Amino acid sequence: MRIVVATYDHPDARKLVDEVQQEYVVRYGHEDETPVDVDEFTGSNGLFLLGYRGGRAVACGAWRACGSDDPEFRDGDAELKRMYVVPAARGLGLARQVLAELERTAAEAGRARLVLETGLAQPEAIGLYTSSGYHEIPKFGVYSAEPESRCFAKRL
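Mapping of the sequence shown onto full-length UniProt numbering: position 18 corresponds to residue 18, and the numbering continues sequentially without gaps.
Structure representation (structure tokens):
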């Protein structure tokens, strides 16, 4: 897989983000409600990655800088967002490749810790994160009171 930096509003990024939102609808009954701004994934604010196989975008993932305005965030945190692999390309280790590149680039940008939110209806995501060294932390953001939600972190 070839991994490239893209903007959040790149056509391939929009396509995969729309697909992951539909995946959330199937699994949870609604889209991810976390506010997202295109500018959060550019410059020192964050990064959006696309993974290509055979010229087709098959995976994506991003991180965005977080401040300490939420009690569960620390200065130097970055939040993982929009981790997704198209169904036809699952089971090939592509999510693990995207995650490793997100960790590398966040650390290179001076981020100290990655945090994320996922849900119980995504056991494969929980498995990816826990097997990659993430540990459960208190819930944060719009899902802090959501019983199906789980949050994780990893020091970089």
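Where a beta carbon is used, it is the ideal one built from N, C-alpha and C, also for glycine. Fair warning: this is a prediction, and the values are worked out from it, not measured in the lab.
Check: Rounded to the nearest angstrom, what separates residue 151 and residue 131 at their Cα positions?; Outcome: 15 Å
Check: Can you tell me where the alpha helix (DSSP H) holding residue 93 begins and where it ends?; Outcome: From DSSP, residue 93 is part of no alpha helix (DSSP H); its letter is neither H nor E.
Check: Since residue 61 is in the beta strand (DSSP E), which residue starts that stretch and which ends it?; Outcome: 56-65
Check: Using beta-carbon positions only, say whether residue 57 and residue 41 come within less than 8 Å of one another.; Outcome: no
Check: In angstroms, rounded to a whole number, what distance separates the CA positions of residue 88 and residue 149?; Outcome: 26 Å
Check: Could you tell me which residues DSSP pairs with residue 152 in its beta bridges?; Outcome: 116, 136
Check: Taking the alpha-carbon of residue 91 as reference, which of 75, 112, 127 has the nearest alpha-carbon?; Outcome: 127
Check: Which residue's Cα is closest to the Cα of residue 137: 122, 28, 155?; Outcome: 155
Check: Go ahead and pull the three-state DSSP assignment for residue 43.; Outcome: helix
Check: In whole angstroms, give me the CA-to-CA distance for residue 11 and residue 73.; Outcome: 31 Å
Check: In or out: residue 110 buried (at least 16 other Cβ within 10 Å) or exposed?; Outcome: exposed
Check: Among the candidates 59, 47, 71, whose CA atom is the shortest distance from the CA of residue 142?; Outcome: 71
Check: By DSSP, does residue 78 sit in helix, in strand, or in coil?; Outcome: strand
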